[in-house]
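S.K.:
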Amino acid sequence: MSAPTLLQIVPTLAGGGLARATLDAAQAVVAAGGSALVASPGGALVPDLLRLRATHIELPLGRQRLWGRLTLPAKLASSLRDARVDVVQARSPATGWIARALARRLEIKWIATLHRPFIAADLMGRFLERRQVRADAVIAVSDHVARDALQRFPTLTDRLETIPPGINFDRFDPAIVRADRLIRLAGELRVPDGSHLVLCPARFGEDNGQKILIEALKRLGRDDVFCLLLGSVGPPTPFERELERAIEAAELHGRIQIGPYVDDMPAAYMLADVVVATGGSRQGFSRTLVEAQAMGRPVVAEDGGGAAETVRPGVTGWLAPAGDASALAEALRSALSLSTERRAELARAAQEHVRGRYSLAQSNSRLLQLYERLSAGSKAS
1 MSAPTLLQIV
11 PTLAGGGLAR
21 ATLDAAQAVV
31 AAGGSALVAS
41 PGGALVPDLL
51 RLRATHIELP
61 LGRQRLWGRL
71 TLPAKLASSL
81 RDARVDVVQA
91 RSPATGWIAR
101 ALARRLEIKW
111 IATLHRPFIA
121 ADLMGRFLER
131 RQVRADAVIA
141 VSDHVARDAL
151 QRFPTLTDRL
161 ETIPPGINFD
171 RFDPAIVRAD
181 RLIRLAGELR
191 VPDGSHLVLC
201 PARFGEDNGQ
211 KILIEALKRL
221 GRDDVFCLLL
231 GSVGPPTPFE
241 RELERAIEAA
251 ELHGRIQIGP
261 YVDDMPAAYM
271 LADVVVATGG
281 SRQGFSRTLV
291 EAQAMGRPVV
301 AEDGGGAAET
311 VRPGVTGWLA
321 PAGDASALAE
331 ALRSALSLST
341 ERRAELARAA
351 QEHVRGRYSL
361 AQSNSRLLQL
371 YERLSAGSKA
381 S
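Encoded structure:
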């Protein structure tokens with residue numbers, strides 16, 4: 001069976017795990033002999049996408065009035081007639097309704113990828129989340145997300161598949177990170193000399209538990225610890241300003257810093273003494289923690305969500321009850337107090353753990369099988 005033409009519709013290519021998963025899927029399809037298209041509002045990773053020989057379609061999501069959004073599927077369908085798209089994949093609730101309407105116009109199958117559990121609080125958010133379960137196939141990025149989906153929608157059983165994102169271990173390999181990359185990045189991020197670095201990469205569109213981390217660092221009470229909250233893109237978001245106020249209130253200015261989105265994450269992990277993921281049950285998956293373990297770094301996560309699934313407690317990292325700043329501080333204290341010998345043992349265990357579970361080749365293989373199966377179903381119907 002020939003590889004399909006895949007269209008992914010995503011809310012952003014500005015960086016982060018969702019955008020990286022989009023590029024990985026596009027690369028897999030192109031490598032298999034198919035064609036990959038991505039519709040998005042754009043972002044920093046568009047040049048990377050184009051280097052993969054994929055096609056980018058500008059999607060004015062979020063910048064149009066309601067009527068403009070409602071006409072998007074028809075406009076996309078018209079522009080895609082010659083592309084002969086076989087499968088459409090939506091990677092967020094907001095893009096799911098576009099994918100469904102587009103798939104019906106093109107008479108093809110569509111996939112909804114659940115990157116997080118159903119957590120919307122407002123009426124429109126809940127409406128868009130529920131539209132995803134009407135897809136011909138649904139992908140959950142972790143067991144946590146799959147359990148949440150099945151609990152709410154038991155009829156999904158036959159259409160739901162859990163496919164965790166894979167990691168490119170050729171890129172996330174400590175052996176290939178040279179000292180000059182570390183020196184350059186440490187300077188760019190203004191990491192104080194001699195400090196122990198706590199790294200927490202996350203997006204700043206909403207609270208992902210960073211305030212709990214700030215409180216935990218206050219309780220840790222160590223002047224030699226410096227924390228970087230990485231992931232800022234463009235002007236500060238309202239939540240970034242909230243975090244700045246929380247840092248000031250905790251009297252940790254100069255010890256906690258909001259930093260930019262970093263492309264050279266392998267080097268960033270190598271600078272870190274410990275890598276943290278917060279968010280608890282709101283977290284669908286943590287690519288950050290998998291990448292950090294691939295680089296041999298100790299990790300700490302709040303329990304209860306998809307991020308915690310990536311950690312072997314006591315072997316590759318630590319878990320703290322969600323929302324418990326004192327427990328998170330203790331986990332950080334344990335990670336920062338590792339002896340050189342114990343740190344080396346943990347690094348070996350972490351690398352072995354993630355290489356066995358989160359291979360990009362394995363993830364891509366499962367995605368391709370799903371794309372090809374749905375593509376065949378579209379052509380047969």
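Residue numbers (the numbering used here): 1 to 381.
Cβ atoms here follow ideal geometry from the backbone N, Cα and C, with glycine treated the same way.
1) With a Cβ-Cβ cutoff of 8 Å, do L76 and L102 count as a contact?
2) Could you check what DSSP says for V10 in three-state terms: helix, strand or coil?
3) Please state if the CB of I111 and the CB of A137 are separated by a distance shorter than 8 Å.
4) Quick one: give me the first and last residue of the alpha helix (DSSP H) that I98 is part of.
5) Could you have a look at H196 and say whether DSSP puts it in helix, strand or coil?
6) DSSP puts A112 in a beta bridge; with which residues?
7) Considering just the uninterrupted stretch of the beta strand (DSSP E) at H56, what are its terminal residues?
8) Counting only the same chain and skipping the five closest in sequence on each side, list residues whose C-beta sits under 7 Å from that of T12.
9) Please classify I163 as buried or exposed, where buried requires at least 16 neighbouring CB atoms within 10 angstroms.
10) Between the stretch 287 to 301 and the stretch 264 to 279, do three or more beta carbon pairs fall short of 8 Å?
11) Quick check on this structure: which residue in G15, E352, T5 has the alpha carbon closest to the alpha carbon of S232?
12) Quick check on this structure: which residue in S365, G17, A246, M270 has the alpha carbon closest to the alpha carbon of V198?
13) At a cut of 8 Å, does the stretch 223 to 231 reach the stretch 295 to 310 through at least three beta carbon pairs?
14) Quick one: using the 10 Å Cβ neighbour count with 16 as the cut-off for buried, is V315 buried or exposed?
15) What three-state label does DSSP hand T5 in the structure shown?
16) Exposed or buried, Q283, counting other C-beta atoms within 10 Å across all chains shown (16 or more means buried)?
17) If you follow the alpha helix (DSSP H) that Q351 is in, where does it begin and where does it stop?
18) Please state whether DSSP places G17 in a helix, a strand or coil.
19) Is DSSP giving A36 helix, strand or coil here?
20) Indicate whether the contact test is met: 3 or more Cβ pairs, each with one atom in the stretch 342 to 349 and one in the stretch 228 to 248, closer than 8 Å.
21) Would you tell me roughly how many angstroms separate the C-alpha atoms of E188 and L182, rounded to the nearest one?
22) What are the residues that DSSP puts in a beta bridge with S232?
23) Which term fits I256, buried or exposed, when burial requires 16 or more other beta carbons within 10 angstroms of its beta carbon?
24) In three-state DSSP terms, what is T237?
25) Considering Cα atoms alone, identify which of G17, R53, L45 is closest to V29.
26) Between which two residues does the alpha helix (DSSP H) holding G306 run?
27) Compare the C-alpha of M265 against each of P174, I212, R245 and name the closest.
28) Are the stretch 105 to 122 and the stretch 79 to 89 touching, with three or more C-beta to C-beta distances below 8 Å?
29) Residues in the same chain with beta-carbon distance under 6 Å from A272, minus the five sequence neighbours each way, listed in chain order, please.
30) In angstroms, rounded to a whole number, what distance separates the CA positions of M124 and E330?
31) Which whole-angstrom value describes the C-beta separation of I139 and E161, a residue pair presumed to lie in contact below a C-beta threshold of 8 Å?
32) Which stretch, first to last residue, makes up the beta strand (DSSP E) that contains T162?
33) Candidates G234, R190, L185: which alpha carbon is nearest R203's?
34) Between the Cα of A267 and those of S286, A335, R171, spot the shortest distance and give me the residue it belongs to.
35) Would you tell me roughly how many angstroms separate the C-alpha atoms of L228 and L80, rounded to the nearest one?
M.R.: Taking the structure as given:
1) yes
2) coil
3) yes
4) 93 to 106
5) strand
6) A90, V138
7) 55 to 58
8) A19, S40, P41, G43
9) buried
10) yes
11) G15
12) M270
13) no
14) exposed
15) strand
16) buried
17) 340 to 357
18) helix
19) strand
20) no
21) 10 Å
22) P260
23) buried
24) coil
25) R53
26) 306 to 309
27) P174
28) yes
29) L197, L199, R297
30) 39 Å
31) 6 Å
32) 160 to 162
33) G234
34) R171
35) 43 Å
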